[in-house]
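What follows is a set of notes on a single structure, which appears directly below.
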Amino acid sequence: MNNSYALFFDIDGTLVSFKTHEIPDSTIQALTQAKKNGSRVYIATGRPPIIITNLGSIAHLIDGYISTNGALCYVGDELVCCQPIPKEDVMTCVEDAKEKGYSLIVVGRRDVAVLDPAGDVYRIFRQMLAVKEFDKASPLSEVLKQDILQMTPFITAEYEAELLARLPHCISGRWHPEFTDITANGADKGKGIITMAKHEGFDPSHTMAFGDGGNDSSMILQAGIGVAMGNAIDTLKQQADYVTTSVDDDGILNALRHFNVI
C-alpha cells in the first residue's frame, strides 16, 4: 500500500500553537519524515500571504499554498488560481463596516487594508496571534483598486448571516468567535485541494487534510482522509475521519503515525 499522501495543513491551531505561536518540534520532525517517505506538504490557510510569516521552521518542506481560504493558490512564484470577490459585494461590506463601526480586514491581490475602529484587529491579531505584519497595512483606497480576495469582518455569527444575505456572490468561513473570513463563491479550502491536485498531478482521493476551525470544514470533507485536531471545534470533529490529539500534544505526529505515513 502506498502511504505517501498530499498532506494539507491549516496553520493556526493546527501547525502553530495558539499558546506558543510556534510549530511544535514533534510536528517539524513528523513533516520532515513524511517528506522523506514521499509525501507532499501543502499549506491551507485563511491567512493572506502577507501574514504567512510563522512557518520558517518548515518552509523548506512546503510544496505549495492554498491561502485566503482558497481564493489564492500558488506553488513557488507560480499562480495556480485567483478568485476575487465581485466589487459590488466588496463595497457593500466596506460601507456596512463604516456605517456599523466594526473592524474589517480587506485583502487585496498585493496589499491589505485594515479598518480597526474598535481595536479588535490589534487585540486579536497582534496580541493573541502574534501577527505584526498588519502594521504595514495600506490605505483602503489603494487596496480597493486591486482584486479583493478576502474580507474579514469582526462581527457575531448572528450578524454574519444577515450580512451574507446582502453579499450574493460570497461565502463565509469562521475560525474565530469574533470574526469570519468572507471569500467569493467557489473559493474554499476544499476546492483549493481539487485545484492543487489538477495542477500538481496527484489523485484528490489520496490526500489528507488537518484542521481545527470552521473554515477547515470544506477540506476535511473533501480530502481522502480528514483529520481534526484534538483542540478542534466539535462540528469539525464530527465531520472528520479521525480525531487526533491537540496541536500542543503531538497531534500531527500521532495522526501521521496512525495512518502509517511515518
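One gets our numbering by counting positions in the sequence shown from 1 and adding 804 to each.
Quick reminder that beta carbons are idealized off the backbone N, C-alpha and C, glycines included.
Note down the Cα distance separating residue i from residue j, rounded to an integer number of angstroms.
i	j	result
Gln954	Thr984	10 Å
Lys940	Asn1064	43 Å
Lys840	Asp829	17 Å
Ala1032	Trp979	13 Å
Asp867	Phe813	12 Å
Ile815	Lys936	16 Å
Ser976	Ile928	19 Å
Ile855	Thr872	10 Å
Thr836	Val1047	22 Å
Gln833	Leu865	11 Å
Ile986	Ala1044	23 Å
Lys818	Val1051	Note that residue 818 is Thr in the sequence shown, not Lys. If I take the Cα positions, the gap works out to 6 Å.
Along the alpha helix (DSSP H) that carries residue i, what are the first and last residues, could you check?
i	result
Met932	Per DSSP, Met932 belongs to no alpha helix (DSSP H) and is neither H nor E.
Thr831	Asp829 to Lys840
Met1000	Lys993 to Glu1004
Tyr963	Ala961 to Leu968
Bridge partners for residue i per DSSP, in chain order?
i	result
Cys885	Cys877
Cys974	Ala988
Leu811	Val845 and Met1012
Ala1032	Gly1015 and Val1047
Ile909	Val918 and Thr956
Val820	Asp816
Quick one: using the 10 Å Cβ neighbour count with 16 as the cut-off for buried, is residue i buried or exposed?
i	result
Asp1054	buried
Asp881	exposed
Leu883	exposed
Using a C-beta cutoff of 8 Å, does residue i count as contacting chain D?
i	result
Ile856	Among the protein chains of the structure shown there is no chain D, as only one such chain exists.
Please report the residue range of the beta strand (DSSP E) in which residue i lies.
i	result
Ser871	Gly868 to Ser871
- Assess, as a yes-or-no matter, whether the stretch 938-952 is touched by the stretch 915-926 under the definition of 3 or more beta carbon pairs within less than 8 Å. yes
- Specify whether the stretch 963-973 and the stretch 845-861 touch according to this definition: at least 3 beta carbon pairs, one from each stretch, less than 8 Å apart. no
- Touch check for the stretch 886-905 and the stretch 1012-1020: three-plus C-beta pairs under 8 Å? No, because fewer than three Cβ pairs between the stretch 886-905 and the stretch 1012-1020 fall closer than 8 Å, the two stretches do not touch.
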